[in-house]
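Novice:
In our numbering, the protein residues as written are 2 to 188.
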């Protein structure tokens with residue numbers, strides 16, 4: 002919330018290009034992901050000034066892993082997340098947010114897919130697309146932070162209302178503005 006409170010606007014991996022292109026400024030300081038910043042920079046005339054942060058799962062994928070996966074599954078389409086390194090994006094067939102991956106797989110005539118994002122996404126894709134096969138770009142693509150909360154934790158929080166996150170109102174109202182600006186961008 003504090004970062005959003007200091008930001009003029011925020012974005013997601015799904016709308017980053019559109020959000021940046023909607024800005025009147027010619028320079029954009031882009032936080033927190035350097036790889037998403039590089040992806041957005043390829044699709045805009047704006048000067049992108051990236052922050053040197055990254056998602057370790059996406060940053061760890063390599064172009065060699067794509068070549069190895071293609072050798073094992075030559076008919077598979079390779080889908081990677083825009084938070085991957087540029088050299089990984091260059092070797093992929095498609096670049097999508099996780100929601101974009103789900104849409105693409107649903108509409109694709111392909112039957113096999115190599116997925117370059119957190120392995121938990123494969124569970125969703127398998128469930129939504131019976132008859133199609135999915136292979137993780139790397140079996141190491143596990144986000145320890147995403148695995149910290151499980152269904153029992155959610156149930157306990159809802160039942161007891163004990164685990165609360167409090168954001169001071171001045172920070173919340175400033176953060177809300179950056180979110181509302183993002184939501185106002187026509188996609």
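Even for Gly, the Cβ is constructed at its ideal location relative to N, Cα and C.
1) In or out: residue 155 buried (at least 16 other Cβ within 10 Å) or exposed?
2) The beta strand (DSSP E) that contains residue 117, what's its start and end?
3) Out of 7, 145, 136, 4, state which residue places its alpha-carbon closest to the alpha-carbon of residue 77.
4) Mapping the DSSP letters down to three states, classify residue 160 as helix, strand or coil.
5) Go to residue 1, then tell me how far its beta strand (DSSP E) extends in each direction, as first and last residue.
6) When DSSP labels each residue in this structure, what does residue 140 get in the three-state scheme?
7) In the structure shown, what three-state DSSP assignment does residue 134 receive?
8) Would you call residue 143 buried or exposed, if buried means 16 or more other Cβ atoms sit within 10 Å of its Cβ?
9) Near residue 105, what residues of its chain come up, given a Cβ to Cβ distance below 7 Å and the 5 sequence neighbours on each side ignored?
10) Can you find the residues in the same chain that come closer than 7 Å, C-beta to C-beta, to residue 19, ignoring five residues on each side of it along the sequence?
11) Between residue 66 and residue 36, is the Cβ-Cβ spacing less than 9 Å?
12) Have a look at residue 48 and residue 158 and give me their C-alpha separation to the nearest angstrom.
13) What first and last residue would you give for the beta strand (DSSP E) that runs through residue 58?
14) Among 45, 57, 5, which residue has its Cα nearest to the Cα of residue 32?
15) Along the chain, which unbroken stretches of the beta strand (DSSP E) at least 3 residues long are found entirely within the segment 64–128?
16) Just to confirm the assignment, what range does the beta strand (DSSP E) spanning residue 28 have?
17) Round the Cβ separation of residue 90 and residue 40 to the nearest angstrom and send it over; I've been treating them as touching at under 8 Å.
18) Hey, how far is the Cα of residue 55 from the Cα of residue 146?
19) Return the chain-ordered list of same chain residues with a C-beta closer than 6 Å to the C-beta of residue 58, the five sequence neighbours on each side being excluded.
Specialist: Result, derived from the coordinates:
1) Numbered from its first residue, the chain shown carries residue 155 at position 154. So residue 155 counts as exposed.
2) On the chain shown, residue 117 is found 116 positions in, with the first residue counted as 1. Where residue 117 is concerned, the enclosing beta strand (DSSP E) starts and stops at 113–117.
3) The sequence position of residue 77 within the chain shown is 76, counting from 1. Closest by alpha carbon: 136.
4) One-based indexing of the chain shown puts residue 160 at position 159. DSSP places residue 160 in helix when its eight states are reduced to three.
5) Residue 1 lies beyond the range of the chain shown here (2 to 188); nothing can be said about it.
6) Taking the chain shown and counting its residues from 1, one reaches residue 140 at position 139. Residue state, collapsed to three classes: coil.
7) Taking the chain shown and counting its residues from 1, the one referred to as residue 134 is at position 133. Secondary structure of residue 134 (DSSP, three-state): strand.
8) In the chain shown, residue 143 corresponds to position 142, counting from 1. Exposed: under 16 other Cβ atoms inside 10 Å.
9) Taking the first residue of the chain shown as position 1, residue 105 is located at position 104. Same-chain partners within the cutoff: 80, 95, 97.
10) Counted from its first residue, the chain shown places residue 19 at position 18. In its chain, beyond the 5 residues on either side, 186, 188 have a beta carbon closer than 7 Å to the beta carbon of residue 19.
11) The count along the chain shown starts at 1 and reaches residue 66 at position 65. The count along the chain shown starts at 1 and reaches residue 36 at position 35. Not in contact: residue 66 and residue 36 (Cβ atoms no closer than 9 Å).
12) In the chain shown, residue 48 corresponds to position 47, counting from 1. In the chain shown, residue 158 corresponds to position 157, counting from 1. Straight through space, the alpha carbons of residue 158 and residue 48 are spaced by roughly 43 Å.
13) For the purposes of this step, residue 58 is identified with residue 57 of the chain shown, where counting begins at 1. For residue 58, there is no enclosing beta strand (DSSP E); the enclosing alpha helix (DSSP H) has its first and last residue at 57–60.
14) Counting from 1 along the chain shown, the entry for residue 32 is found at position 31. Checking every option, the nearest Cα to that of residue 32 belongs to 5.
15) Counting whole runs of 3 or more residues, the segment 64–128 contains the beta strand (DSSP E) stretches 78–81, 113–117.
16) Here the question's residue 28 lines up with position 27 in the chain shown. That run of the beta strand (DSSP E) goes 28–31.
17) For the purposes of this step, residue 90 is identified with residue 89 of the chain shown, where counting begins at 1. For the purposes of this step, residue 40 is identified with residue 39 of the chain shown, where counting begins at 1. Their Cβ separation, rounded to whole angstroms, is 6 Å, which keeps residue 90 and residue 40 in contact under 8 Å.
18) Working through the chain shown from its first residue, we reach residue 55 at position 54. Working through the chain shown from its first residue, we reach residue 146 at position 145. Looking at the two C-alpha atoms, the distance is approximately 14 Å.
19) As a working mapping, residue 58 is identified with position 57 in the chain shown. Apart from sequence neighbours up to five positions away, the residues of its chain that approach residue 58 with a beta-carbon distance below 6 Å are 119, 142, 144, ordered along the chain.
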